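From first to last, the protein sequence lines stand for chains H and Y. For the first sequence, the residue numbers in our numbering are 28 to 236. For the second sequence, the residue numbers in our numbering are 28 to 236. By construction, the Cβ of each residue, glycine as well, lies at the ideal position given by its N, Cα and C atoms. All of these numbers come straight from a predicted model, not from anything done at the bench. What follows is a short report on a single structure.
Protein chains: 2
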Amino acid sequence: KNVYNRNQELAEENRRRFQQAGAYVVNMISSPGSGKTSLIERLAPRCVAAGRRLFVIEGDVETERDADRLRRLGVEAVQIQTHGACHLDAAAVARALAGAELAGVDLLIIENVGNLICPTGFDLGEQLRIVVASTAEGDDKPLKYPAAYHKADVCILNKMDLLAWVDFDVERFEAAARRANAQLQLFRTSCRTGEGIDAWCDWLMQRRA
Amino acid sequence: KNVYNRNQELAEENRRRFQQAGAYVVNMISSPGSGKTSLIERLAPRCVAAGRRLFVIEGDVETERDADRLRRLGVEAVQIQTHGACHLDAAAVARALAGAELAGVDLLIIENVGNLICPTGFDLGEQLRIVVASTAEGDDKPLKYPAAYHKADVCILNKMDLLAWVDFDVERFEAAARRANAQLQLFRTSCRTGEGIDAWCDWLMQRRA
Ligand SMILES: Nc1nc2c(ncn2[C@@H]2O[C@H](COP(=O)(O)OP(=O)(O)OP(=O)(O)O)[C@@H](O)[C@H]2O)c(=O)[nH]1
Ligand SMILES: Nc1nc2c(ncn2[C@@H]2O[C@H](COP(=O)(O)OP(=O)(O)OP(=O)(O)O)[C@@H](O)[C@H]2O)c(=O)[nH]1
Ligand SMILES: [Mg+2]
Ligand SMILES: [Mg+2]
Ligand SMILES: [Zn+2]
Ligand SMILES: [Zn+2]
């Protein structure tokens, strides 16, 4: 219990700092490989076009690969390597931002470690929590991993382009997601074809701190 | 450290019990939705044909859905619901088997909770550890989640039928998996087309306790 209380205090500190800087902060959670980094790659050019300054904190067990993918697109990105820990916590986020200048950042996205369970228990100071699912993973995940859906504000169903090749019932999935959380805002996307990307990006870029 | 030491003691107890019963025990680990249950669904009829008695312990955060899928095929299956914990441990496995009669079981498969990080740290008393990957998740996972590959004996690359529709380089993936663990035995499968299923099942059914 102490771990969570301590984390909550640090999350509130983060939230105050984000508010002062005027940054709208998002925590993205999914299974490994659902498409979190791919979605941010699609978002980045749209932020530039809309004049919204994007900053990304990447969380992974090992490597800088995800931050490198984004830096190649000109995105300001910081990589946290947990070297074993299965989730980000508020302290890790505060450390990663220790030297950063957040003033002028409009949108701060924290891509959490690929894990549908542990990250859901740790507030990072975000205003919005997005859970990303993929049509390749099966439509039963909202039932089997309910906390990820229950504690999210938005659910993106990604890889819609694979529907013809997998056993996945979109209506069944969305009904299960709504049962876990009736308030959930649902988007359907494909990072391959671009389906639904504009709708999600436009919605996200309209959020204000 | 105490948690791991305590778990190790219980894992050794499990292992003794498995040896006495003559059961060969496998711990299957993957991200959510890589295809663990689907692979067991493909294995089950082949065990019947080969006269090998299969017993499955399913581990999930919530629901009996995976055990129900297997019971529908006539497989003896026990479902553990962790109600939050992100991995199985040796104590959970011992509890699940408390009333079970293992004598006569040839092959005991423990399908772990869908999580590529935490389950790798907990020995359950198994003789073999299989990590399942999917072509839909990206070919960078052995680099980003190295412990899952380093601590495995076998790696199954599943969903080979999706290769034409995803960015996935099989050679790059397998080279990365071998870098994490040079001893790794690699299989390529598709639960949809049946590709590679006989080769994996035949290899597994030949193992002896
Ligand atoms: N077909 C298809 N593939 C996609 C789509 N989005 C992402 N991918 C692929 O899915 C794989 C994983 O994508 P990532 O963006 O790296 O996923 P991630 O959630 O960031 O992964 P982690 O950071 O390891 O948790 C890559 O091979 C992508 O090319 C999509 O909409 N359709
Ligand atoms: N195209 C394709 N889909 C597959 C294959 N194997 C499994 N699937 C699909 O992938 C989804 C997830 O499969 P499961 O077997 O439930 O995966 P799992 O690893 O047991 O999932 P969890 O128990 O939740 O961790 C389902 O929709 C399956 O139909 C395959 O080889 N090819
Ligand atoms: Mg990523
Ligand atoms: Mg399963
Ligand atoms: Zn964890
Ligand atoms: Zn864990």
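Identify the contact partners of residue i in chain Y, using a Cβ-Cβ distance below 9 angstroms as the criterion.
{"i": "K63(H)", "result": "The premise fails here: K63(H) is roughly 11 angstroms from chain Y at the closest Cβ pair, so nothing lies under 9 angstroms."}
Anything in chain Y within Cβ reach of residue i, meaning under 7 angstroms, just list it in chain order.
{"i": "R99(H)", "result": "Going along chain Y, no residue has its Cβ under 7 angstroms from R99(H), so there is no contact; the nearest lies around 15 angstroms."}
{"i": "G165(H)", "result": "G60"}
Report the option in the options whose CA atom is closest to the CA atom of residue i.
{"i": "E89(Y)", "options": "I144(H), A121(H), L81(H) and E138(H)", "result": "I144(H)"}
{"i": "A112(Y)", "options": "L213(H), V197(H), K171(H) and G49(H)", "result": "K171(H)"}
{"i": "V197(H)", "options": "A123(H), I157(H), A127(H) and T216(H)", "result": "T216(H)"}
{"i": "V83(H)", "options": "D229(H), N54(H) and E36(H)", "result": "N54(H)"}
{"i": "L124(H)", "options": "V30(H), R42(H), S61(H) and R234(H)", "result": "R42(H)"}
{"i": "L213(H)", "options": "R219(H), T220(H) and F200(H)", "result": "F200(H)"}
{"i": "A152(H)", "options": "N139(H), E164(H) and A160(H)", "result": "Here the sequence assigns Gly to residue 152(H), which means Ala is not the residue at that position. Among N139(H), E164(H) and A160(H), the Cα nearest to that of G152(H) is on N139(H)."}
{"i": "G221(Y)", "options": "D180(Y), D150(Y), E68(Y) and Q154(Y)", "result": "E68(Y)"}
{"i": "K178(Y)", "options": "A48(Y), L129(Y), R156(Y) and K186(Y)", "result": "R156(Y)"}
{"i": "I137(Y)", "options": "T64(Y), E164(Y), R206(Y) and R98(Y)", "result": "T64(Y)"}
Which chain H residues sit within Cβ distance under 7 angstroms of residue i?
{"i": "N29(Y)", "result": "Simply none; closest approach about 16 angstroms."}
{"i": "V158(Y)", "result": "In chain order: nothing, as chain H lies at least about 12 angstroms away."}
{"i": "S217(Y)", "result": "Here the premise fails: no neighbours, minimum Cβ distance about 11 angstroms."}
With H, G and I counted as helix, E and B as strand and the rest as coil, what does DSSP make of residue i?
{"i": "F200(H)", "result": "helix"}
{"i": "Y172(Y)", "result": "coil"}
{"i": "L100(Y)", "result": "coil"}
{"i": "I144(Y)", "result": "coil"}
{"i": "F149(H)", "result": "coil"}
{"i": "S61(H)", "result": "coil"}
{"i": "V132(Y)", "result": "coil"}
{"i": "N166(H)", "result": "In the sequence as displayed, the identity of residue 166(H) is Asp instead of Asn. In this structure, D166(H) counts as coil in the three-state DSSP scheme."}
{"i": "N139(Y)", "result": "coil"}
{"i": "N185(Y)", "result": "strand"}
{"i": "A160(H)", "result": "strand"}
{"i": "R219(Y)", "result": "coil"}
{"i": "L124(H)", "result": "coil"}
{"i": "V83(H)", "result": "strand"}
{"i": "F214(H)", "result": "strand"}
{"i": "V193(Y)", "result": "coil"}
{"i": "Q35(H)", "result": "helix"}
So which residues of chain Y does residue i contact, with C-beta pairs closer than 8 angstroms?
{"i": "V88(H)", "result": "I144, K171, Y172, P173 and A174"}
{"i": "C113(H)", "result": "C113, N142, I144 and C145"}
Identify the contact partners of residue i in chain H, using a Cβ-Cβ distance below 9 angstroms as the criterion.
{"i": "R92(Y)", "result": "D167, L170 and K171"}
Measuring only between beta-carbons, confirm whether residue i sits less than 8 angstroms from chain C.
{"i": "L189(Y)", "result": "The structure shown contains no chain C; its protein chains are H and Y."}
query = In chain order, what are the residues with a CB under 5 angstroms from some non-hydrogen atom of ligand 3?
reply = Cβ atoms closer than 5 angstroms to ligand 3 belong to K63(H), T64(H) and D93(H).
inquiry  = Output needed in chain order: residues of the region 133-148 of chain H with a Cβ under 8 angstroms from some Cβ in chain Y.
reply    = Per Cβ criterion, the list reads V140, G141, N142, L143, I144 and C145.
task = Check each residue of the region 185-212 of chain H: if its Cβ is closer than 8 angstroms to any Cβ of chain Y, include it; give the result in chain order.
result = Residues of the region 185-212 of chain H whose Cβ lies closer than 8 angstroms to any Cβ of chain Y, in chain order: K186, D188, L189, W192 and V193.
ask   = Of all residues in the structure, which have a C-beta closer than 7 angstroms to any heavy atom of ligand 6, taken in chain order?
value = Every residue passing the under-7 angstroms Cβ criterion appears here: C113(H), I144(H), C145(H), C113(Y), H114(Y), N142(Y), I144(Y) and C145(Y).
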